[in-house]
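**Student:** Sharing a structure here in structure tokens format.
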Amino acid sequence: MLMFLAVLPLTAQVKLGRGELGFAFGGMNYLGDLNDQSMLGSVSLAGGLTARLNLNTRWALALGGTYGHIQGGNPDVDPLRNLSFRSSVSEGFLRVEFNFFSYGMHEGTQKRLSPYIFCGIGIFVFAPQAQYVDSASGRAEWYDLQPLGTEGQGTLQYPDRKKYPLVEACMPFGIGFRYQLSPSIHLTAEYGWRKTWTDYLDDVSTTYVGAEVLKGDGGGGTIAALLADRSGEVQEGYVNAPGIKRGDDSLKDWYAYFNLTLSVSMETLFGWMRGKRCER
């Protein structure tokens with residue numbers, strides 16, 4: 000949000016007609032240890048705001064924020080892990096955009112449609128959770144996984160495993176199409192990937208450590224043990240021994256965001272706001 004507010008003074012210093020404010024709606028998904036098949040699986044709703052400064056008909060700077068959810072896990076596909084998660088994702092980004100055509104109904108051009116590419120930097124906040132249903136009472140409850148240290152983070156037996164941060168950097172990049180509905184209104188369709196430097200979007204990365212470790216000193220206790228190894232819920236009596244692979248720490252997790260965005264020029268938006276104030 001601070002990144003988003005920072006663009007407003009910059010936009011105010013240039014011609015307002017070159018600035019846009021966009022409202023986006025779409026979906027978000029992820030690729031990681033609990034969804035290694037397709038970036039099209041497990042889509043959840045997402046949306047955001049984008050402030051764009053059109054430097055010319057080819058280049059633009061965009062600053063904004065995105066909020067959505069990711070999820071993964073399927074016990075039917077992977078019964079010996081039976082792991083699943085959900086997480087909210089709040090992202091702020093700054094990026095550069097390049098239009099393949101000289102875009103816009105101004106400055107001597109009438110190209111109302113153009114594909115574009117973008118790349119930038121971002122910061123995101125996430126918080127993986129898992130649901131546990133008590134077999135006796137039937138009560139279902141969601142638990143934050145990072146504090147539980149499900150892979151032995153924070154325990155005496157695994158001092159090299161630290162609890163992962165919930166604020167991380169990402170690199171957004173992708174493709175899209177822009178269409179100018181009028182001189183002041185734009186419609187875009189976009190698909191973007193987020194390269195991250197964490198393997199814990201889903202709370203899964205390395206190996207099982209065993210229930211005794213998680214119930215011992217520094218561990219997350221009984222609920223951590225229950226959520227760390229859930230194979231027994233599918234195959235009664237089955238337990239993954241310590242050291243068995245729980246995830247693949249050689250690959251980092253990714254997430255993606257696709258959306259439709261309706262943008263209005265700052266000039267039009269501020270003019271409308273001034274008109275509303277004058278009517279009072």
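Position 195 of the sequence shown, counted from 1, bears residue number 194 in numbering that gives the first Met the number 0, the numbering being contiguous throughout.
Even glycine gets a Cβ: it sits at the ideal position worked out from N, Cα and C.
This one's a predicted model, so the numbers in the text were calculated from it and none came from an experiment.
(1) Could I get the ranges of all uninterrupted beta strand (DSSP E) runs contained in the segment 41-115, with 3 residues as the minimum, in chain order?
(2) For Ile116, which residues of its own chain have a beta-carbon under 6 Å away from its beta-carbon, when the five flanking residues on both sides are left out?
(3) Are the CB atoms of Leu30 and Ala50 within a distance shorter than 9 Å?
(4) Report yes if the C-beta distance between Glu150 and Val203 is below 9 Å; otherwise report no.
(5) What span of residues does the alpha helix (DSSP H) with Lys214 cover, start to end?
(6) Taking C-alpha atoms, which residue in Gly219, Tyr142, Glu235 and Ile120 lies nearest to Trp196?
(7) Expressed to the nearest angstrom, what Euclidean distance is found between the alpha-carbon atoms of Tyr237 and Phe176?
(8) For Thr206, which of helix, strand or coil comes out of DSSP?
(9) Could you tell me how far apart the beta carbons of Pro171 and Phe257 are, in whole angstroms, since I believe they sit closer than 8 Å?
(10) When you compare each of Gly25, Arg193 and Tyr199 to Asp248 by their alpha carbons, which one comes out closest?
(11) In whole angstroms, give me the CA-to-CA distance for Ser87 and Gln130.
(12) Please state whether DSSP places Gln128 in a helix, a strand or coil.
(13) In terms of residues, what are the limits of the alpha helix (DSSP H) holding Ala224?
(14) Using DSSP with H/G/I as helix, E/B as strand and the rest coil, what is Gly148?
(15) Whole angstroms are fine: how far does the CA of Ala45 sit from the CA of Tyr66?
(16) What would DSSP say about Thr197, mapped onto helix, strand or coil?
(17) Which whole-angstrom value describes the C-beta separation of Ile222 and Tyr142, a residue pair presumed to lie in contact below a C-beta threshold of 8 Å?
(18) Of all the options Asn73, Cys169, Tyr102 and Gly25, which has the alpha carbon lying nearest to the alpha carbon of Asn55?
(19) Beta carbon of Phe84, beta carbon of Gly71: below 9 Å?
(20) What number of angstroms, rounded off, separates the C-alpha of Ile122 from the C-alpha of Gly153?
(21) I think Glu90 touches Cys169, with their Cβ atoms under 8 Å apart; what is that distance to the nearest whole Å?
(22) Nearest-angstrom Cα distance between Phe125 and Pro78?
(23) Rounded to whole angstroms, what's the CA-CA distance from Thr187 to Glu167? Just pull it up for me.
(24) Which residue from Tyr163, Trp58 and Val212 puts its Cα closest to that of Tyr157?
(25) Starting from the C-beta of Asp252, find all residues in its chain whose C-beta is less than 8 Å away, skip the five residues before and the five after it, and write them out in chain order.
(26) Check each candidate in Glu140, Arg160, Tyr178 and Pro182 and name the one with the smallest Cα separation from Thr267.
(27) Measuring straight from C-alpha to C-alpha, what distance separates Leu261 and Phe22?
**Tutor:** Looking at the atomic coordinates:
(1) Taking only runs of at least 3 residues, the beta strand (DSSP E) segments lying wholly in the segment 41-115 are 43-53, 58-71 and 84-98.
(2) Phe97 and Ile174.
(3) The answer is no: Cβ separation not under 9 Å.
(4) Less than 9 Å divides the Cβ of Glu150 from the Cβ of Val203.
(5) Lys214: member of the alpha helix (DSSP H) spanning Ala210 to Lys214, first to last residue.
(6) By alpha-carbon distance to Trp196, the top candidate from Gly219, Tyr142, Glu235 and Ile120 is Ile120.
(7) Take the alpha-carbon of Tyr237 and the one of Phe176: they are about 50 Å apart.
(8) Judged by DSSP in its simplified three-state form, Thr206 adopts strand.
(9) 12 Å between Cβ atoms; not a contact.
(10) Asp248 has its Cα closest to that of Tyr199, out of Gly25, Arg193 and Tyr199.
(11) Ser87 and Gln130: Cα-Cα distance of roughly 14 Å.
(12) If DSSP states are grouped into helix, strand and coil, Gln128 belongs with the strands.
(13) The continuous alpha helix (DSSP H) containing Ala224 extends over residues Thr221 to Ala227.
(14) Of the three classes helix, strand and coil, the one that applies to Gly148 here is coil, per DSSP.
(15) Spanning the two alpha carbons is a distance of roughly 6 Å.
(16) Looking at Thr197 - three-state DSSP - the assignment turns out to be coil, as it is neither helix nor strand.
(17) Between Tyr142 and Ile222 the Cβ distance is about 6 Å, and since that is below 8 Å, they are a contact.
(18) Among Asn73, Cys169, Tyr102 and Gly25, the Cα nearest to that of Asn55 is on Tyr102.
(19) In this structure, Gly71 lies closer than 9 Å to Phe84 by Cβ.
(20) Approximately 25 Å, taken between the alpha carbons.
(21) The beta-carbon separation of Glu90 and Cys169, rounded to 7 Å, stays under the 8 Å limit for a contact.
(22) Phe125 and Pro78 have their C-alpha atoms roughly 26 Å apart.
(23) Going from the Cα of Thr187 to the Cα of Glu167 covers about 27 Å.
(24) Considering only Tyr163, Trp58 and Val212, the residue with the shortest C-alpha distance to Tyr157 is Val212.
(25) Within the same chain, Cβ atoms closer than 8 Å to the Cβ of Asp252 are found at Tyr29, Leu30, Gly31, Asp32, Thr195, Thr197, Asp198, Tyr199, Leu200 and Asp201, the five residues on either side in sequence being excluded.
(26) The closest CA to that of Thr267, considering only Glu140, Arg160, Tyr178 and Pro182, is found on Pro182.
(27) Spanning the two alpha carbons is a distance of roughly 6 Å.
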